[in-house]
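Q: As given, the protein sequences belong to chains P and Y, one line each in that order.
Okay, so the first sequence: first residue is 1 according to the working numbering, each after it adds one.
Okay, so the second sequence: first residue is 221 according to the working numbering, each after it adds one.
Yeah, the Cβ is synthetic: ideal placement off N, Cα and C, and Gly gets one too.
Okay, handing you the structure first.
There are 2 protein chains.
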Amino acid sequence: MSTSEHVESDGQRRAGRPRTRILTQKRITDAAMRVATHEGYDSLTMAKLAKALGVTPAALYNHAHSKRQILRWIEDRLMAAVDASAFETEPWDAALASWARSYRLVMKEHDSLVEAIAKMPVAGATDTLAMYEGVASGLRRAGWPDANIMPAIVAIESFVYGSAYDLNAPLDIFELGDQADAAPTLAASVAAHTPLGLREQAFERGLDALIRGLGAAAGV
Amino acid sequence: MSTSEHVESDGQRRAGRPRTRILTQKRITDAAMRVATHEGYDSLTMAKLAKALGVTPAALYNHAHSKRQILRWIEDRLMAAVDASAFETEPWDAALASWARSYRLVMKEHDSLVEAIAKMPVAGATDTLAMYEGVASGLRRAGWPDANIMPAIVAIESFVYGSAYDLNAPLDIFELGDQADAAPTLAASVAAHTPLGLREQAFERGLDALIRGLGAAAGV
DNA sequence: ACCTGAACACCGTTCAAGT
DNA sequence: ACCTGAACACCGTTCAAGT
Numbered sequence: 001m002s003t004s005e006h007v008e009s010d011g012q013r014r015a016g017r018p019r020t021r022i023l024t025q026k027r028i029t030d031a032a033m034r035v036a037t038h039e040g041y042d043s044l045t046m047a048k049l050a051k052a053l054g055v056t057p058a059a060l061y062n063h064a065h066s067k068r069q070i071l072r073w074i075e076d077r078l079m080a081a082v083d084a085s086a087f088e089t090e091p092w093d094a095a096l097a098s099w100a101r102s103y104r105l106v107m108k109e110h111d112s113l114v115e116a117i118a119k120m121p122v123a124g125a126t127d128t129l130a131m132y133e134g135v136a137s138g139l140r141r142a143g144w145p146d147a148n149i150m151p152a153i154v155a156i157e158s159f160v161y162g163s164a165y166d167l168n169a170p171l172d173i174f175e176l177g178d179q180a181d182a183a184p185t186l187a188a189s190v191a192a193h194t195p196l197g198l199r200e201q202a203f204e205r206g207l208d209a210l211i212r213g214l215g216a217a218a219g220v
Numbered sequence: 221m222s223t224s225e226h227v228e229s230d231g232q233r234r235a236g237r238p239r240t241r242i243l244t245q246k247r248i249t250d251a252a253m254r255v256a257t258h259e260g261y262d263s264l265t266m267a268k269l270a271k272a273l274g275v276t277p278a279a280l281y282n283h284a285h286s287k288r289q290i291l292r293w294i295e296d297r298l299m300a301a302v303d304a305s306a307f308e309t310e311p312w313d314a315a316l317a318s319w320a321r322s323y324r325l326v327m328k329e330h331d332s333l334v335e336a337i338a339k340m341p342v343a344g345a346t347d348t349l350a351m352y353e354g355v356a357s358g359l360r361r362a363g364w365p366d367a368n369i370m371p372a373i374v375a376i377e378s379f380v381y382g383s384a385y386d387l388n389a390p391l392d393i394f395e396l397g398d399q400a401d402a403a404p405t406l407a408a409s410v411a412a413h414t415p416l417g418l419r420e421q422a423f424e425r426g427l428d429a430l431i432r433g434l435g436a437a438a439g440v
């Protein structure tokens, strides 16, 4: 690569003056998401990220404490992309479903971060907080008792995380080949579906069961 | 460490003869699970594993193609530990619940492997196959149509994977602190629970909703 | 204040050499 | 057949030195 020594981003540099700062949290996060989206999270190394920003790996540590922190910036962004706006226009059950569907697709595209997101404290993550508040207040307006709101959110979230993995699992995950004799009932059950159909049915039927059951428990 | 050069495991070595083979798939897997359980999966490196076996890291590559393969051996073991035996003694709904509870606790102890397990093909994994066959045949005996079995299994699995993460999330994951003003409904909803109570309620209520809803869809 | 260059302590993996 | 020792191409991170 012939551009590896100096990448002048905007070219507005005046002689003798300090160059405009090129590294900010926003630009680092943007570049990291670009690298991760195009090459996968395995390729998101500090070296690759630095190169994408035209900078030395060590320079990143003037702005982030660690690679983990940069991943956390990405996680915040992702949670902001989860769409909870349906609670403003639709009934609670349809709104829950469209929130879960949006959540699942966002996680699918970044499933290396699902474990970290599942364990990420909400405090300090402004957009994440707003997303949860949208869901919680939507359910409350629909008559849900306070004590039923969080268990429903956590249950649906858990289901969404696992469903995102399933969406990225190999299509032949339940293919038995010559071992069909060893598990005949499983083989027959699998044969009742196409791989893509199974994924969607598992998600949609599970989501429907969760929303109905949790709503019934909430008395609405 | 003074024992790092030669660790004689059984001492039965005869002079001049080739020593009894110390590395097998079983022993490697045992050692790997021991290291991972005691020190976590972050500490499960080829060097640590080799040391625990009294061997050089390179020696492991005579038995496993890669670290990934060793992890797969562990994953097979874990699936064998998931208890599907309730289908032989209890009605389908109670059996599904006890299967899911066992599954969740096994995943909780090894949650670094959850993503890989969620995407692991069943072909070739004998114990995994037997586990699924137990669930599928249990549901069929209870009158479930073939086309309803796999969507139910996949949906409950997805829920279990996410619930395992939740079980290992920090207890203060929904603690808002001074940001309670920014998300008042969320704060009130969270305040209706203890952290431990929320986890268990989310799992048990979600599981109940899934089992009831999926069973109803199956017409049983 | 912020970046570079060099170094550190690790990774997983390969391979010629030994027995 | 199976293990060692040395090497390779990477990791994330630190830090003195420059501007």
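1) In chain order, what residues of the region 385-412 of chain Y put their CB closer than 7 Å to some CB of chain P?
2) Taking the alpha-carbon positions, what's the P:Val7 to P:Ala95 distance?
3) Taking only beta-carbon positions, decide if P:Gln201 is within less than 8 Å of chain Y.
4) Output the distance between the C-alpha atoms of P:Glu88 and P:Val135, rounded to the nearest integer angstrom.
5) Given Y:Arg372, which residues of its chain have a CB within under 6 Å of its CB, disregarding the five upstream and five downstream residues?
6) Excluding the five sequence neighbours on either side, which residues of its own chain have a C-beta within less than 6 Å of the C-beta of P:Ser112, listed in chain order?
7) Classify P:Ile156: buried if its beta carbon has 16 or more other beta carbons within 10 angstroms, exposed otherwise.
8) Can you tell me where the alpha helix (DSSP H) with Y:His258 in it begins and where it stops?
9) Kindly indicate the opening and closing residues of the alpha helix (DSSP H) around Y:Asp313.
10) Counting pairs of Cβ atoms below 8 Å between the region 72-80 of chain P and the region 126-134 of chain P, do you hit three or more?
11) For P:Tyr165, is the beta carbon positioned less than 7 Å from some heavy atom of the ligand PLP?
12) My understanding is that Y:Arg288 touches Y:Ala384, with C-beta atoms under 8 Å, so please give their C-beta distance in whole angstroms.
13) Please report the Cβ distance between P:Asp146 and Y:Ala408, rounded to the nearest whole angstrom; I am assuming they are in contact, meaning their Cβ atoms lie under 8 Å.
14) Could you tell me the distance, in whole angstroms, from the CA atom of P:Gly143 to the CA atom of P:Lys26?
15) Which class does Y:Thr348 belong to by DSSP, given the choice of helix, strand or coil?
16) Please decide whether P:Leu44 counts as near chain Y, where near means a Cβ-Cβ distance under 8 Å.
17) Do you know how far the Cα of Y:Leu280 is from the Cα of P:Lys119?
18) Output, in chain order, the set of chain P residues within a Cβ distance shorter than 9 Å of Y:Ser378.
19) Give the residues of chain Y in contact with P:Glu133, contact being defined as C-beta atoms less than 7 Å apart.
20) As a quick exercise: from Y:Ser322, Y:Met351 and Y:Arg361, pick the residue whose alpha carbon is nearest that of Y:Val440.
21) Go through its chain and collect everything with a Cβ distance to Y:Leu243's Cβ below 8 Å, but skip five positions before and after it.
22) Following the continuous alpha helix (DSSP H) through Y:Trp293, name the residue where it begins and the one where it ends.
23) Take Y:Gly236 and list the residues in its own chain whose beta-carbon comes closer than 7 Å to its own, dropping the five residues that flank it on each side.
24) In its own chain, which residues sit with a C-beta less than 8 Å from the C-beta of P:Ile74, not counting the 5 before and 5 after it?
25) Can you tell me whether Y:Asp386 is buried or exposed? The criterion is at least 16 other CB atoms within 10 Å of its CB, across all chains shown.
26) Excluding the five sequence neighbours on either side, which residues of its own chain have a C-beta within less than 8 Å of the C-beta of P:Val122, listed in chain order?
27) Looking at chain Y, which residues of the region 134-147 of chain P have a Cβ within less than 7 Å of any of its Cβ atoms?
28) Give a yes or no on whether 8 Å exceeds the smallest Cβ distance from P:Ile149 to chain Y.
29) Closest to P:Glu175 by CA distance: which of P:Leu49, P:Val190 and P:Ala169 is it?
30) In three-state DSSP terms, what is P:Ile22?
31) Less than 8 Å between CB atoms is the rule here; does P:Lys119 satisfy it with respect to chain Y?
32) Flag this pair as yes or no: are the beta carbons of Y:Gly382 and P:Gly162 separated by less than 8 Å?
33) For Y:Arg233, would you say it is in contact with chain P, using Cβ-to-Cβ distances shorter than 8 Å as the test?
34) Measure the alpha-carbon distance for Y:Ile290 versus P:Ala218 and round it to whole angstroms.
35) By Cβ distance below 7 Å, which residues in the same chain neighbour Y:Ser322 in space, the five residues on each side in sequence not counted?
36) Please classify Y:Ala403 as buried or exposed, where buried requires at least 16 other C-beta atoms within 10 Å of its C-beta.
A: If we stick to the structure as given:
1) Tyr385, Asp386, Asn388, Ala389, Pro390, Asp392, Ile393, Phe394, Glu395, Leu396, Gly397, Gln399, Ala402, Ala403, Thr405, Leu406, Ala408, Ser409, Val410 and Ala412
2) Interpretation of P:Val7 is limited by its pLDDT of 30, a score under 50 that renders its predicted location unreliable; the figure taken from the coordinates is listed afterwards. Whole-angstrom Cα-Cα distance: 46 Å.
3) yes
4) 10 Å
5) It should be pointed out that residue 372 of chain Y corresponds to Ala in this sequence rather than to Arg. Answer for Y:Ala372: Leu434, listed in chain order.
6) Tyr41
7) buried
8) Gln245 to Glu259
9) Trp312 to Glu329
10) yes
11) The ligand PLP is not part of this structure, which contains no ligands at all.
12) Contact flag wrong, Cβ pair sits at about 21 Å.
13) 5 Å
14) 39 Å
15) helix
16) no
17) 34 Å
18) Ser158, Phe159, Val160, Tyr161, Gly162, Ser163, Ala164, Tyr165, Asp166, Ala202, Phe203 and Gly206
19) Ala403, Thr405 and Leu406
20) Y:Arg361
21) Leu273, Val275, Ala279, Leu280, Asn282 and His283
22) Lys287 to Ala301
23) Confidence at Y:Gly236 is low in this model, with a pLDDT of 32, below 50, so its placement is unreliable and the value that follows should be read with caution. Excluding residues within five positions, none has a Cβ falling inside 7 Å.
24) Thr29, Ala32, Met33, Ala36, His110 and Leu113
25) buried
26) Thr128, Leu129 and Tyr132
27) Ala136, Ser137, Arg140, Asp146 and Ala147
28) yes
29) P:Val190
30) coil
31) yes
32) yes
33) In this predicted model, Y:Arg233 has a pLDDT of only 34, less than 50, meaning its place in the structure is not dependable enough to derive any value.
34) 46 Å
35) Val302 and Asp303
36) buried
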